[in-house]
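There are 2 protein chains.
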Amino acid sequence: MPRAGLSSASVVALALDVVDDEGWEALTLAAVASRAGVAVPSLYKHVAGLPALRREVAGVCVDELTGRLTAARGTLVGAPAVLAMAQATRDLAREHPGRYQAAQGDWPLDPAADDLRARAARAVEQMSAAVGELDVPADRRIDAVRAVRAAVHGFVTLELAGGFGLPQDVDTSFDYLITHLTTGLTAHPAA
Amino acid sequence: MPRAGLSSASVVALALDVVDDEGWEALTLAAVASRAGVAVPSLYKHVAGLPALRREVAGVCVDELTGRLTAARGTLVGAPAVLAMAQATRDLAREHPGRYQAAQGDWPLDPAADDLRARAARAVEQMSAAVGELDVPADRRIDAVRAVRAAVHGFVTLELAGGFGLPQDVDTSFDYLITHLTTGLTAHPAA
DNA sequence: GGGCAAAGCTAATGTCATTAGCCAGTCGTG
DNA sequence: CACGACTGGCTAATGACATTAGCTTTGCCC
Numbered sequence: 000m001p002r003a004g005l006s007s008a009s010v011v012a013l014a015l016d017v018v019d020d021e022g023w024e025a026l027t028l029a030a031v032a033s034r035a036g037v038a039v040p041s042l043y044k045h046v047a048g049l050p051a052l053r054r055e056v057a058g059v060c061v062d063e064l065t066g067r068l069t070a071a072r073g074t075l076v077g078a079p080a081v082l083a084m085a086q087a088t089r090d091l092a093r094e095h096p097g098r099y100q101a102a103q104g105d106w107p108l109d110p111a112a113d114d115l116r117a118r119a120a121r122a123v124e125q126m127s128a129a130v131g132e133l134d135v136p137a138d139r140r141i142d143a144v145r146a147v148r149a150a151v152h153g154f155v156t157l158e159l160a161g162g163f164g165l166p167q168d169v170d171t172s173f174d175y176l177i178t179h180l181t182t183g184l185t186a187h188p189a190a
Numbered sequence: 000m001p002r003a004g005l006s007s008a009s010v011v012a013l014a015l016d017v018v019d020d021e022g023w024e025a026l027t028l029a030a031v032a033s034r035a036g037v038a039v040p041s042l043y044k045h046v047a048g049l050p051a052l053r054r055e056v057a058g059v060c061v062d063e064l065t066g067r068l069t070a071a072r073g074t075l076v077g078a079p080a081v082l083a084m085a086q087a088t089r090d091l092a093r094e095h096p097g098r099y100q101a102a103q104g105d106w107p108l109d110p111a112a113d114d115l116r117a118r119a120a121r122a123v124e125q126m127s128a129a130v131g132e133l134d135v136p137a138d139r140r141i142d143a144v145r146a147v148r149a150a151v152h153g154f155v156t157l158e159l160a161g162g163f164g165l166p167q168d169v170d171t172s173f174d175y176l177i178t179h180l181t182t183g184l185t186a187h188p189a190a
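So this is what it looks like as structure tokens:
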């Protein structure tokens, strides 16, 4: 019986394939083992179990999101940067729904997820920096970042879930949301 | 062995208890059966299986959301109505996270979910009506409704997932998001 | 009181995760 | 080159859960 030659990294890579092909909830040790051509328990030689594997996959996806945000921001500043980053997020979600879910989705309150939270914080910091370039009062900065994050995440989530029933163009709606939100954020109406 | 006296309705009620106490993902036939004091297969006399039960529970939760939206809107018109409905949504999510998830969360592409979709559409229509009272061009109505839905859903989702790490007041951020978004929607900057 | 439908049960099957313990391939060292 | 340890893979066993099949019993209605 020749060895399969697995490693932690290759198991995570196969897991990413599963996530891409079948979705985040379909990520199961059985699915990974099947792709690896290996019995399920063999995987425990390389990962600590399903929750640990999910955490590792989520980490990769978070980093990918961070990278795309950074790239999208590029040399842009302020509102155009925010828009580009929002679009980059949505693009990732549409190209790899499972990865987006992995990055955003399912790590609620994991105790051992400090590392993951730290990496996710880097993605948030990217958005935060761009939002900070908007004409928003300093003491509203956090509110504004939360607003943009919520808008993007909510839109993408609803879109992926098929929550937009009407045939009306969804790209347009997304741009509409982001531009009008940033407009609203930079308007200081009552006081 | 005296009968437990279950019915479809009582099974759904117990399922709601599970969702309230342990969350939407913890809704399992085993959990319901345990609360009913009954063996798991007995439940099949009252519901068609776990997916069907989830659908029924989701239906109840969607209707509850619709009811709260209607109540929150009350006699308000336009932006105040939108804000009140947004807050009502968030209140539901914070009081009963599991129910919110049930209402919004996990019915992606179920084929047999037409009834559920129809009921969810009623909730959307409530928001849509209020958004329609904003000063938004008619051909932007759908975009605006999507924007508000996305903002509310995204914020609530992130909040429930513990995505707002900073201690900064979250209520304030929410109001900030909704008011500035509606402000942005009613501003028609570059034609 | 008898009969019958519905409500429960047990048993069996299948999926998945996890743990324990075994065996063999591989590599480093003498 | 041979030996031995390490390590990667295996099978077997256990335990949660859903689902189906088929049996038993309760309770109501005549």
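Line by line, the protein sequences are chains A and B. Using numbering that gives the first Met the number 0, you'd call the opening residue of the first sequence number 0 and step up by one each time. Using numbering that gives the first Met the number 0, you'd call the opening residue of the second sequence number 0 and step up by one each time. For glycine and all other residues, C-beta sits at the position ideal for the given N, C-alpha and C.
Exercise for the section: Examine chain B for any beta-carbon lying closer than 7 Å to the beta-carbon of T182(A), and answer yes or no. Expected result: Yes, T182(A) counts as interfacial toward chain B.
Exercise for the section: Anything in chain A within Cβ reach of S172(B), meaning under 8 Å, just list it in chain order. Expected result: Within chain A, the residues I141, D142, R145 and A146 have their CB atoms less than 8 Å from the CB of S172(B), given in chain order.
Practice task
Determine, using beta carbons only, whether A240(A) comes closer than 7 Å to chain B.
Solution key: Lying before the first or after the last residue shown, residue 240(A) is absent from chain A, which here runs from 0 to 190.
Exercise for the section: Go through the stretch 5-36 of chain B residue by residue and report every complete run of the alpha helix (DSSP H) that reaches 4 residues or more, in order. Expected result: Here the runs fully enclosed are 7-21 and 28-35.
Exercise for the section: Report the three-state DSSP secondary structure of A47(B) (helix, strand or coil). Expected result: Here A47(B) sits in coil by DSSP.
Exercise for the section: Please confirm if Q167(B) has its CB atom under 7 Å from at least one CB of chain A. Expected result: Interface with chain A (7 Å Cβ-Cβ cutoff): Q167(B) is included.
Exercise for the section: Examine chain B for any beta-carbon lying closer than 7 Å to the beta-carbon of Y175(A), and answer yes or no. Expected result: Y175(A) counts as touching chain B.
Exercise for the section: Using a Cβ cut-off of 7 Å (strictly closer), state whether A150(B) contacts chain A. Expected result: Cβ-Cβ to chain A under 7 Å: yes for A150(B).
Handout entry: Per-residue contacts from G58(A) into chain B (C-beta, under 8 Å)
Key = At a beta-carbon threshold of 8 Å, none of the residues of chain B lie near G58(A); the nearest stands roughly 16 Å away.
Handout entry: chain B contact residues for T156(A), given Cβ-Cβ distances below 7 Å
Key = Simply H152, G153 and T156.
Practice task
State the DSSP-derived secondary structure class of V135(A), mapped to helix, strand or coil.
Solution key: In the structure shown, V135(A) sits in coil (DSSP, three-state: anything other than H, G, I, E or B).
Exercise for the section: Could you check the C-alpha separation between A128(B) and A71(B) for me, to the nearest Å? Expected result: Near 13 Å, if we compare the C-alpha coordinates of A71(B) and A128(B).
Problem - Through-space distance from D16(A) to A51(B), alpha-carbon basis - result: The straight-line gap from Cα to Cα measures roughly 30 Å.
Handout entry: Same chain, Cβ closer than 8 Å to Q125(A), neighbours up to 5 away in sequence not counted
Key = The answer, listed in chain order, is T65, L68, T69, R72 and M84.
Exercise for the section: With a floor of 4 residues, list each alpha helix (DSSP H) that falls wholly inside the stretch 39-85 of chain A, ordered by position along the chain. Expected result: Scanning the stretch 39-85 of chain A for uninterrupted alpha helix (DSSP H) segments of 4 residues or longer gives 49-72, listed from N- to C-terminal end.
Exercise for the section: Please determine if the stretch 177-186 of chain A and the stretch 164-179 of chain B are in contact, where contact requires at least 3 C-beta pairs separated by less than 8 Å. Expected result: With the rule of 3 Cβ pairs closer than 8 Å, the stretch 177-186 of chain A counts as touching the stretch 164-179 of chain B.
Practice task
Count the C-beta pairs between the stretch 154-163 of chain A and the stretch 132-143 of chain A that are closer than 8 Å, then say yes if the count reaches three, no if not.
Solution key: No, the stretch 154-163 of chain A is not in contact with the stretch 132-143 of chain A.
Exercise for the section: Go ahead and label V76(A) buried or exposed: buried means 16 or more other beta carbons lie within 10 angstroms of its beta carbon, across all protein chains shown. Expected result: The C-beta of V76(A) has fewer than 16 other C-beta atoms within 10 Å across all chains shown, which makes the residue exposed.
Problem - Own chain, CB closer than 7 Å to H45(A), minus 5 neighbours either side, in chain order - result: Leaving aside the five residues that flank H45(A) on each side, the residues in its chain whose CB is nearer than 7 Å to its CB run, in chain order, L5, S6, S7 and V10.
Problem - Alpha-carbon to alpha-carbon, T27(A) and G36(A) - result: Approximately 14 Å between the Cα atoms of the pair.
Exercise for the section: Can you pull the chain A residues whose beta carbon is under 8 Å from the beta carbon of A186(B), in chain order? Expected result: A186(B) reaches chain A at H179, T182, G183 and A186, counting residues in chain order whose Cβ is nearer than 8 Å.
Problem - Selection from E63(B), H152(B), A149(B) and P166(B) that minimises the alpha carbon distance to R118(B) - result: Minimum Cα distance to R118(B) is reached at E63(B).
Handout entry: Boundaries of the alpha helix (DSSP H) in which P166(A) is found, first to last residue
Key = Premise fails: P166(A) is in no alpha helix (DSSP H) and is neither H nor E.
Problem - Per-residue DSSP class, three states only, for A92(B) - result: If DSSP states are grouped into helix, strand and coil, A92(B) belongs with the helices.
Problem - Per-residue burial, R98(B) [other beta carbons within 10 Å of its own, 16 or more giving buried] - result: Buried: at least 16 other Cβ atoms inside 10 Å.
Handout entry: D90(B) versus V130(B) - alpha carbon distance
Key = Whole-angstrom Cα-Cα distance: 20 Å.
Practice task
Please classify A38(B): is it buried, with 16 or more other beta-carbons within 10 angstroms of its beta-carbon, or exposed?
Solution key: Per the 10 Å Cβ criterion, exposed.
Handout entry: Candidates D113(A), E132(A) and Q100(A): closest to A80(A) by CA position
Key = Answer by Cα proximity: E132(A).
Practice task
Using a threshold of 7 Å, state whether the C-beta atoms of A149(A) and G153(B) are closer than that.
Solution key: Result yes, Cβ atoms of A149(A) and G153(B) sit closer than 7 Å.
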